[in-house]
Amino acid sequence: MKKKMVSLQEFSEKIPSGATLLIGGFLGDGTPDLLIDEILKTDKGDFTVIANDTAFPNQGIGKLITQKRVKKAIVSHIGTNPDTQKQMIEGSLVVELVPQGTLAERIRAGGFGLGGILTPTGLGTIVENGKSKIQIGGREYLIESAIKADFALLKAKKADWYGNLTFAYTARNFNTFMAFAGDCTIAEIDELVPIGGLNPEDVVVPHAVVHFLVRRSRS
Amino acid sequence: MKKKMVSLQEFSEKIPSGATLLIGGFLGDGTPDLLIDEILKTDKGDFTVIANDTAFPNQGIGKLITQKRVKKAIVSHIGTNPDTQKQMIEGSLVVELVPQGTLAERIRAGGFGLGGILTPTGLGTIVENGKSKIQIGGREYLIESAIKADFALLKAKKADWYGNLTFAYTARNFNTFMAFAGDCTIAEIDELVPIGGLNPEDVVVPHAVVHFLVRRSRS
Amino acid sequence: MIAEEKAKGYIARRVAKEFEDGDVVNLGIGIPTLVANYIPSGIQIFLHTENGLLGMGPNPSAGYEHPNLRNAGSSSVSFLPGSAIFDSAVSFGLIRGGHLDATVLGALEVDEKGLLANWMVPGKMIPGMGGAMDLVTGARRVIVAMTHVNKNGSPKIVKSCMLPLTSIRKVDLIVTEYAVFKVSETGLVLTEYSEESSVEEIKGLTAAHFEIDPQLKVIER
Amino acid sequence: MIAEEKAKGYIARRVAKEFEDGDVVNLGIGIPTLVANYIPSGIQIFLHTENGLLGMGPNPSAGYEHPNLRNAGSSSVSFLPGSAIFDSAVSFGLIRGGHLDATVLGALEVDEKGLLANWMVPGKMIPGMGGAMDLVTGARRVIVAMTHVNKNGSPKIVKSCMLPLTSIRKVDLIVTEYAVFKVSETGLVLTEYSEESSVEEIKGLTAAHFEIDPQLKVIER
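Protein chains in written order, with my numbering: chain E, 1 to 219; chain W, 220 to 438; chain Z, 439 to 659; chain V, 660 to 880.
Below, the structure written as structure tokens:
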């Protein structure tokens, strides 16, 4: 078996400037901090980040914002990060706001091989600008396209060597379906368990979608 | 708290002839046999059944077919049930065949408040007859509409009094998302646990979508 | 004029009477969060938070927080017995699919048709819609909980929203410290007013037309 | 003429050489299921079954079956260490999303463009497509494993499918007891033939045009 466990440095060598990054987490909960810190040790930037939010200044995904590594953010909320708002107003950061449920489904659709979804959310608001609408069963829906990315960077609680993942409580959030939508999916894990050490019913993300694992080096 | 646990008889009184029924299971694995048997004690029929398959003659969902209670079946596969094929050829049963992954996503979409999904599956085949297509990101997709039903009849392993559900191994199949797509969702359970008796991370279907529970009467 | 802190309590207490036993409810940030403190005895509601939890309990005591058990405002919360954890896709499946009995949200503006604007002030404040658009579109009941006027004293209930809408789905109820309006087919109907105010005063604080319910009564506190 | 049972073994054995270590593979019913018995040593594959399991192991010994641990053909199976359970939506997310390295399927017909028909014979046999349309549309590699001719001795590799197609996505490889064809941009290419046959015999058993690979060789058994 090809080993999925890589070092932090091997991880960061995989990520080029300009890459599109799906990053798990909700206001920092469930965000892969080690991976973000490792990227910040390099001078890489110009990333397009797709995530629920940009957390707080210099915290979680906010670190990538504060240190100006992001050229575009596709998120549902930026209210907790004044740095994001400031860079957006200055024009150095493009922010695309997507309703949270729509963002979740668009990413899931990308990972599940669907072209998109039909949702009532955003109809009649500025969210519908530039989008097609469709009538089905007497109701109107927005056609929202699927999202995929070069990388999905996840934070998981446990993994076995194959890459089966579990998550800690509300840290599940966007991590589960983002796992499917990265051309290369990399999970930062808290704990490695032996193969067979997870009950098959407890596996939240099956290993087929996880390409690499990273854990804090024990030095 | 309103009690969700009802008797088999109280359950069957809720189901009128002509109802649309989502029924969980994959070739009988994960199908609520007790609920089906209870319906068969009445003379109700003319059901539209939406399920993965019609199982085997006089087994699982196949009982409803063999006893001619179904006027229409929306399923992905009928190859294991000659009764279904016979009734279809005779013209007493309408069968609508849907690719399995498309059927799963259409039901999930119904339960999740989406109007439908965009899928490449079925493009250029007879599945696309009568359906609209759309181009997104240079690829073509079929527009497949969401499915909801009057009732979702599930088979679960454990439930607490609130209706949080877990499932046994491969009996998960269609049960999880069908739970969301029934106007009234009823789960047959093997085991009742106290409130707090399930680890919140182990709950597969949250109680908010489960209206009634039924268990084998201990007589 | 009711002082702000007192106003918040009044609003939350009144909203808390809207639920039936067993309701699944999502409470927004701000005044809506306070609603949980006023649920009448005998009524049990299940709190949903969009980051993936149903059955949310109060903030744990200091020192007993878990870093990965949070609400949508990033505060530490707890599990009540019978809780369920899920990802954001399932969480919004519950919301969009009509599986929430109610959501309580703040507002920047509500207009006389019952339309809500609560997620941005163009050129000034653009926090993003987060989960608000899905909540207003999908919850079975949408309750607005807000102070009657904004910090400058201007009415937040207006003829027509000037700010970008959150949804074209109308809200069901508006609760302020002075008044309760239900949203009918034809527009706003004042059903209750506070003992500190009068219908005339409420008209003065409201920039929208409203009908008066024949059963108009004083808000119970 | 290779006897049917022997033919099935030959086909399964040849298909089993197609995998790389670590591949995630879905095996259809019939000959494809036999492939699992011939995986070369040193190669580990993960079996996916569309009813919701990755890591499927062999049928348990009699008396050790569990009623709720089955494959898509309703047979009892087992967990290998490192297995994962999921629902049908996730299972087809894996399939449609391109997360399966390969699927091996039977066929009623494959045509000279590489298009597959394997789910119905109008007016005669309509089992339904089950998961086949998603598998052919979504798996990274689609391998057809079938006897070269049908029970009447008629070719199953035809100029153009007369039966309803399973997908407009072409298959990648066709393995029969007599031949291995890869599907190129321009059509079928014979890459291997069995020691019991010859190119001439294969031409006779095949109702489609095919090219012959310059590196044509005998199937290793």
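Backbone N, C-alpha and C define an ideal beta-carbon position, used for all residues, glycine too.
These numbers were taken from a predicted model, which means no experiment stands behind them.
Item to complete: Kindly list the residues whose CB is nearer than 6 Å to the CB of residue 303 (chain W), restricted to its own chain and excluding five residues on each side of it in sequence; keep chain order.
Response: 273, 284, 297
Worksheet item: Which residues, in order along the segment 320 to 334 of chain W, keep a beta-carbon less than 9 Å from a beta-carbon of chain V?
Response: 320, 321, 322, 323, 324, 326, 327
Practice prompt. Examine chain Z for any beta-carbon lying closer than 8 Å to the beta-carbon of residue 127 (chain E), and answer yes or no.
Written response: yes
Worksheet entry | Residue-level contact to chain W via CB, residue 872 (chain V), 8 Å cutoff | no
Discussion item. What does DSSP give as the partner residue(s) for residue 408 (chain W) in the beta ladder?
Written reply: W:375, W:434
Worksheet item: Does residue 743 (chain V) have its Cβ less than 8 Å from a Cβ in chain E?
Response: yes
Item to complete: Determine the contact status of residue 489 (chain Z) and residue 173 (chain E), defining contact as a CB-CB distance below 8 Å.
Response: yes
Fill in: Residues within the segment 283 to 315 of chain W neighbouring chain V, beta-carbon criterion of under 7 Å
294, 295, 296, 297, 298, 304
Worksheet item: Residue range of the beta strand (DSSP E) that residue 488 (chain Z) falls in?
Response: Per DSSP, residue 488 (chain Z) belongs to no beta strand (DSSP E) and is neither H nor E.
Worksheet entry | Residue range of the unbroken beta strand (DSSP E) whose run includes residue 393 (chain Z) | Look at the range of chain Z in this structure, 439 to 659, and you will see that residue 393 (chain Z) is not part of it.
Item to complete: Write down every uninterrupted run of the alpha helix (DSSP H) in the segment 850 to 879 of chain V whose length is 4 residues or greater and which is fully enclosed by it, in chain order.
Response: 858 to 864
Worksheet item: What three-state label does DSSP hand residue 255 (chain W) in the structure shown?
Response: helix
Discussion item. Using C-beta distances below 6 Å, list every residue in its chain close to residue 708 (chain V), excluding the 5 sequence neighbours before and after it, in chain order.
Written reply: 715, 730, 731
Worksheet item: What does residue 417 (chain W) reach in chain E if we use C-beta pairs closer than 8 Å?
Response: By Cβ distance, chain E contributes nothing, its closest Cβ being about 12 Å from residue 417 (chain W), past 8 Å.
Practice prompt. Determine, using beta carbons only, whether residue 136 (chain E) and residue 335 (chain W) come nearer to each other than 8 Å.
Written response: yes
Worksheet item: Thinking C-alpha only, which one of E:60, E:198, E:73 is nearest residue 18 (chain E)?
Response: E:73
Worksheet item: Do residue 532 (chain Z) and residue 570 (chain Z) have their C-beta atoms closer together than 8 Å?
Response: no
Worksheet entry | Residues, ordered as in the chain, of the segment 713 to 742 of chain V that lie near chain W by beta-carbon distance below 9 Å | 725, 726, 727, 728, 729, 730, 731, 732, 733, 736, 738
Discussion item. Quick check: the Cα distance between residue 687 (chain V) and residue 875 (chain V), rounded to an integer number of angstroms?
Written reply: 28 Å
Worksheet item: How about residue 373 (chain W) and residue 348 (chain W): do their beta carbons lie closer than 8 Å?
Response: no
Fill in: residue 76 (chain E) burial status per 10 Å Cβ neighbour count (16 or more: buried)
buried
Worksheet item: What's the call for residue 222 (chain E), buried or exposed, on a 16-neighbour Cβ count within 10 Å?
Response: Because chain E spans 1 through 219 in this model, residue 222 (chain E) falls outside it and cannot be assessed.
Discussion item. Nearest by alpha-carbon distance to residue 648 (chain Z): which of Z:634, Z:598, Z:657 is it?
Written reply: Z:598
Discussion item. Considering just the uninterrupted stretch of the beta strand (DSSP E) at residue 392 (chain W), what are its terminal residues?
Written reply: Unbroken run through residue 392 (chain W): none, as it is neither H nor E.
Discussion item. Strictly under 8 Å for the Cβ-Cβ distance: is residue 191 (chain E) near chain W by that measure?
Written reply: no
Practice prompt. Please list, in chain order, all residues of the same chain as residue 788 (chain V) whose beta carbon is under 6 Å from its beta carbon, the five residues on each side excluded.
Written response: 778
Worksheet item: What distance in whole Å lies between the Cβ atoms of residue 212 (chain E) and residue 4 (chain E), which are believed to be in contact at a cut-off of 8 Å?
Response: 5 Å
Fill in: CB of residue 246 (chain W) within 8 Å of CB of residue 733 (chain V), strictly
yes
Discussion item. For residue 117 (chain E), would you say it is in contact with chain W, using Cβ-to-Cβ distances shorter than 8 Å as the test?
Written reply: yes
Item to complete: Kindly say whether residue 208 (chain E), judged by its beta-carbon, lies nearer than 8 Å to any beta-carbon of chain V.
Response: yes
Worksheet item: Does the beta carbon of residue 796 (chain V) sit closer than 8 Å to a beta carbon anywhere in chain W?
Response: yes
Worksheet item: CB-CB under 6 Å to residue 837 (chain V), same chain, minus the five flanking residues each way: which ones, in chain order?
Response: 807, 853, 856, 861
Worksheet item: Taking the DSSP output, what are the residues bridged to residue 306 (chain W)?
Response: Residue 306 (chain W) pairs with nothing; no bridge assigned.
Worksheet item: Taking just the CA atoms, how far does residue 594 (chain Z) sit from residue 588 (chain Z)?
Response: 6 Å
Worksheet item: How close, in whole Å, do the beta carbons of residue 33 (chain E) and residue 60 (chain E) come, if the pair is a contact with beta carbons under 8 Å?
Response: 6 Å
Practice prompt. Report the rounded CA-to-CA distance for residue 425 (chain W) versus residue 530 (chain Z), giving the unit in angstroms.
Written response: 13 Å
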